[in-house]
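Below: the structure, in structure tokens.
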Amino acid sequence: MKRRSFIQKGALSGSFFALGGTSLFALNTGIAGNPEPLHQFNLNYAPHLGMFKSMAGEDPIDQLNFMADQGFTAFEDNEMRNRPVELQQKMADTMQKRGLQMGVFVAHKIYWTEGNLTSGNPDKRTEFLEDIKQSVEVAKRVNAKWMTVVPGYVDQRLDANYQTANVIESLKQASAILEKENLTMVLEPLNFFNHPGLFLKESPQAYMICKAVDSPACKILFDIYHQQIQEGNLIPNIDACWDEIGYFQIGDNPGRKEPTTGEINYLNIFKHIHDRGFTGIMGMEHGNSMPGAAGEQAVIDAYVACDDF
């Protein structure tokens, strides 16, 4: 049996749990230089900080190295914009060294309980555009191509069509900033159950807005967890939105944990996305169904299983 196959089989079976994360890392490090990754995935799945902290340790750089060791080829970090510049640079250097693409970070202040972009308020629009300008600098620092935008809460005083027009205008102005830098904001519809009262909820709505903005800098973040709750019919809706989707995020339902823990057939969905030629990032925006190292290995095993096509 080849060394890599032996290690991969042992990791999948859980026989290395007793060794702990450090010993498992050492087994696969081999000669000087980056270790051979344990897994070869078809898609660019992107973990986040904290997902593997029991096995990799608390240090963000150690966690990035662990992700790369496992074979993940991307990373996302909603909080990157708020991290110290020195840490941003260290993380960017590690990602470049280890071949990890930087996924999304949240580009602006999200208004969860009051209208901002929906209202047409010029001060709120200016605030949003200033956040976008600052996020351009973060994106340059960490080699990001995408950033998440959530248009915020509804304005109950305005007709829905006026709100839509206000959102489109703000996004057009943001796109003018991002186009110059070859960056893309991805609009994330969020489900009514976890986030009641938000303006952007459904993929057809996001599709219409992207068509109206008409810019390569404004695309859809299709979060499969949110859209399973909000609208279901996942593969047909992915196909209907395909030309405006710039990014995917993952989470099973119920519970928003790793694939295989709920009702979504991620094996079929991943295969469909891969067969359509998607080469972007699949953000793992979910929790772990179990605590500790065993739970972290369960996450890895779930992606190995659902990527087996």
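The numbers in my numbering rise by one with no breaks, and the one at position 248 of the sequence shown is 240.
Where a beta carbon is used, it is the ideal one built from N, C-alpha and C, also for glycine.
In this text the structure is predicted, and so the values were computed from the model without any measurement.
CA-to-CA distance, residue j to residue i, given in whole angstroms
i, j, result
"residue 295", "residue 151", "43 Å"
"residue 227", "residue 57", "33 Å"
"residue 114", "residue 194", "26 Å"
"residue -2", "residue 280", "Below a pLDDT of 50, predicted positions are generally treated as unreliable, and residue -2, at 34, falls in that range; no measurement from the model is reported."
"residue 184", "residue 198", "15 Å"
"residue 267", "residue 214", "17 Å"
"residue 71", "residue 101", "11 Å"
"residue 302", "residue 147", "Because the chain here runs from -7 to 301, residue 302 falls outside it and cannot be looked at."
"residue 202", "residue 274", "20 Å"
"residue 242", "residue 224", "14 Å"
"residue 286", "residue 163", "43 Å"
"residue 289", "residue 153", "47 Å"
"residue 292", "residue 149", "47 Å"
"residue 135", "residue 49", "24 Å"
"residue 128", "residue 180", "18 Å"
"residue 331", "residue 186", "Because the chain here runs from -7 to 301, residue 331 falls outside it and cannot be looked at."
"residue 137", "residue 272", "10 Å"
"residue 27", "residue 165", "44 Å"
"residue 6", "residue 155", "Per-residue confidence for residue 6 stands at a pLDDT of 42, beneath the threshold of 50, marking its modelled position as unreliable; the derived number appears in the next sentence. Going by the C-alpha atoms only, they are around 52 Å apart."
"residue 231", "residue 196", "11 Å"
"residue 306", "residue 65", "Any answer about residue 306 is impossible in this case: the structure gives the chain only from -7 up to 301."
"residue 229", "residue 43", "29 Å"
"residue 51", "residue 75", "14 Å"
"residue 167", "residue 222", "27 Å"
"residue 233", "residue 54", "37 Å"
"residue 73", "residue 188", "25 Å"
Cβ distance (whole Å) where residue i is taken to contact residue j below 8 Å
i, j, result
"residue 85", "residue 41", "The pair is not a contact, with the Cβ atoms about 16 Å apart (cut-off 8 Å)."
"residue 159", "residue 110", "6 Å"
"residue 97", "residue 139", "6 Å"
"residue 239", "residue 142", "Incorrect: roughly 13 Å between the Cβ atoms, too far for contact."
"residue 123", "residue 99", "6 Å"
"residue 276", "residue 39", "5 Å"
Residues near residue i by beta carbon distance below 6 Å, same chain, minus five either side
i, result
"residue 175", "131"
"residue 298", "251, 258, 259, 262"
"residue 249", "278, 279, 281"
"residue 182", "190, 218"
"residue 46", "284, 285, 288"
"residue 236", "199, 202, 211, 212"
Cβ neighbours of residue i in the same chain (closer than 7 Å, five flanking residues each side left out)
i, result
"residue 14", "Here residue 14 scores only 38 on pLDDT, less than 50, and its place in the model is too uncertain to base an answer on."
"residue 204", "160"
"residue 253", "244, 247, 281"
"residue 269", "none"
Same chain, Cβ closer than 8 Å to residue i, neighbours up to 5 away in sequence not counted
i, result
"residue 255", "220, 244, 245, 246"
"residue 300", "259"
"residue 133", "77, 80, 81, 84"
"residue 144", "102, 103, 104, 106, 107, 108, 109, 110, 190, 191"
"residue 307", "Since the displayed the chain opens at -7 and closes at 301, residue 307 lies outside it and no answer follows."
"residue 87", "56, 67, 93, 94, 134, 135"
Check: residue i C-beta below 8 Å from any heavy atom of the ligand MN
i, result
"residue 171", "No copy of the ligand MN occurs in the structure displayed, which carries no ligand at all."
Would you be able to state if there are at least three C-beta pairs under 8 Å between the segment 26 to 35 and the segment 260 to 277?
-> yes
If you pair each beta-carbon of the segment 79 to 96 with each one of the segment 115 to 122, do three or more pairs fall below 8 Å?
-> no
State whether the segment 166 to 180 contacts the segment 203 to 214, with contact taken as three or more CB pairs (one from each stretch) at a distance under 8 Å.
-> yes
For the segment 273 to 298, list the alpha helix (DSSP H) runs that are entirely contained and at least 4 residues long, ordered along the chain.
-> 284 to 298
Whole beta strand (DSSP E) runs in the segment 96 to 172 with 3 or more residues, listed along the chain?
-> 138 to 141
Whole alpha helix (DSSP H) elements within the segment 33 to 62, 4-residue minimum | 45 to 48, 52 to 62
Can you list the beta strand (DSSP E) stretches of 3 or more residues lying completely in the segment 172 to 197, in chain order?
-> 176 to 179
What runs of the alpha helix (DSSP H), each 4 residues or longer, lie entirely inside the segment 185 to 255?
-> 195 to 205, 216 to 222, 226 to 233
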